[in-house]
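Undergrad: Per my numbering, the sequence shown starts with residue 458, numbered consecutively. Following this message is one structure expressed as structure tokens.
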Amino acid sequence: MTAPTRALAPATSGQLATFRLDGDLYGIEVEHVQEVLRSQQLTRVPLAPTAVAGLINLRGQVVTAIELRERLGRPARPEGTDPVVIVVRLHGEAVSMLVDSIADVVDVDASDFEAPPDTLEGQARELIRGAYKLDGKLLLALDVQKALSA
């Protein structure tokens, strides 16, 4: 019996806002990014899914904070290191992602797009649209809508 094949997400050319998480480089479409903030105080939500780190007060607006390490099946952030908050806007709603550090905005070309690496497993495989080969680096294209639907 062969493993089910996953349809390759459509490749896009344009700009991706990139960030680091557990040593790997990820990117999301720059048009989804509203702002990037240093660590913010979180209010925990009782009985919330483990990927929901809490709520952030963003200038009077309550925004859900999703811990991407948890969503991608990565180990917990080392004690004493604060996450960077990327606020994204999807369907008119603001939601935030907690990442290790912000990187650059990079131009990507659809011709550099490939299927997700075979080394990705579990949750991560479902949330990564594919990968772009950049100068000596692999940029994992995160499906931001899937990643933020906790």
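C-beta: ideal position from N, C-alpha, C; glycine also.
Spatial neighbours of residue 510 within its chain, please: C-beta separation below 6 Å, excluding the five flanking residues on both sides.
TA: For the purposes of this step, residue 510 is identified with residue 53 of the sequence shown, where counting begins at 1. For residue 510, where only same-chain residues beyond five positions count, the Cβ hits under 6 Å are 499, 522, 524, 555.
Undergrad: By the DSSP assignment, the alpha helix (DSSP H) with residue 536 in it spans what residues?
TA: As a first step, residue 536 must be located in the sequence shown, where it is residue number 79. No alpha helix (DSSP H) holds residue 536; DSSP gives it neither H nor E.
Undergrad: Can you have a look at residue 461 and say buried or exposed, based on whether 16 or more other CB atoms are within 10 angstroms of its CB?
TA: For the purposes of this step, residue 461 is taken as residue 4 along the sequence shown, with counting starting at 1. For residue 461, the pLDDT reaches just 45, beneath the cut-off of 50, and the residue's location in the model is therefore unreliable, although a value from the coordinates is still provided. Burial call: exposed.
Undergrad: Which residue spans inside the stretch 462-534 form an unbroken beta strand (DSSP E) run of at least 3?
TA: Along the stretch 462-534, the beta strand (DSSP E) occurs as fully enclosed runs of 3 or more residues at 471-478, 481-486, 490-494, 509-515, 518-524, listed in sequence order.
Undergrad: Taking DSSP's pairing of strands, which residues face residue 427 in a bridge?
TA: With the chain represented from 458 up to 607, any question about residue 427 goes unanswered, as that position is not in the structure.
Undergrad: Residues in its own chain within less than 8 Å of residue 571 by CB, not counting five upstream and five downstream?
TA: Numbered from its first residue, the sequence shown carries residue 571 at position 114. Around residue 571: 587, 588, 589, 590.
Undergrad: Would you mind reading off the limits of the beta strand (DSSP E) that contains residue 598?
TA: Indexing the sequence shown from 1 puts residue 598 at position 141. 594-599 is the extent of the beta strand (DSSP E) around residue 598.
Undergrad: Are the CB atoms of residue 558 and residue 543 within a distance shorter than 8 Å?
TA: On the sequence shown, position 86 is the one that residue 543 refers to. On the sequence shown, position 101 is the one that residue 558 refers to. It is not a contact, given that the beta carbons lie outside the stated cut-off.
Undergrad: Would you identify the three-state DSSP class for residue 579, choosing helix, strand or coil?
TA: Numbered from its first residue, the sequence shown carries residue 579 at position 122. Note: residue 579 maps to helix in three-state DSSP.
Undergrad: In three-state terms, what does DSSP make of residue 561?
TA: Position 104 of the sequence shown holds residue 561. In the three-state reduction of the DSSP assignment, residue 561 falls in the strand class, which pools E and B.
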